[in-house]
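Below is one structure; the comments refer to it alone.
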Amino acid sequence: MQRYHNRLGIKGWIYGGRYSLERYLYTLHRITGLGLILYLFLHIYVTAARLYGASAWEKTMALLSGPAFKLGEYILMAGAIFHAANGLRLIIIELGMCIGKPQRQEYPYVSSIKRQRPLMILLMLITILLLLISGLDFFII
1 MQRYHNRLGI KGWIYGGRYS LERYLYTLHR ITGLGLILYL FLHIYVTAAR
51 LYGASAWEKT MALLSGPAFK LGEYILMAGA IFHAANGLRL IIIELGMCIG
101 KPQRQEYPYV SSIKRQRPLM ILLMLITILL LLISGLDFFI I
């Protein structure tokens, strides 16, 4: 068995190339997952400020009430929405609900991507709709 060497380094991890949209969704899913883990630790740190008294809590909340943090909260919400929708898509595909019944493979092999694509489009449209609704809630209402 031939061993594959990643000659592109980090670019090979990010660059989708010939792999189409699913590769970019995979990369964005990883990035949003790391962002959500980072937020979890920051949230615990900020919440722990309450242990140091009311004045420390009020200073922390005053620091976090600026417009930059409001934008950051929206980016966090966007990442959470995308991560949830893409995770749901991956679970549905992993359970075999969008790839059809198993059948004997005949050459030339047919990829199941075309059967998965409508689910991807539907869930990404739902993601865009939820992002618009949350944007209205964050910035206008």
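The sequence shown: position 33 = 33 (the working numbering), numbered continuously. Even glycine gets a Cβ: it sits at the ideal position worked out from N, Cα and C.
Cβ-based burial, residue i [other Cβ within 10 Å; buried from 16]
i: phenylalanine 82; result: buried
i: threonine 32; result: buried
i: glycine 66; result: exposed
i: leucine 125; result: exposed
i: leucine 123; result: buried
i: arginine 115; result: exposed
i: arginine 104; result: exposed
i: arginine 7; result: exposed
i: arginine 30; result: exposed
Closest Cα partner of residue i within the set the options
i: tyrosine 26; options: Thr60, Leu38, Ala85; result: Ala85
i: isoleucine 133; options: Cys98, Tyr74, Arg104, Ile44; result: Tyr74
i: alanine 78; options: Leu51, Glu22, Thr127, Leu122; result: Thr127
Where residue i sits in the DSSP three-state scheme
i: methionine 61; result: helix
i: glutamine 105; result: coil
i: arginine 50; result: helix
i: serine 55; result: helix
i: serine 112; result: coil
i: arginine 7; result: coil
i: isoleucine 99; result: coil
i: isoleucine 126; result: helix
i: serine 20; result: coil
i: glycine 35; result: helix
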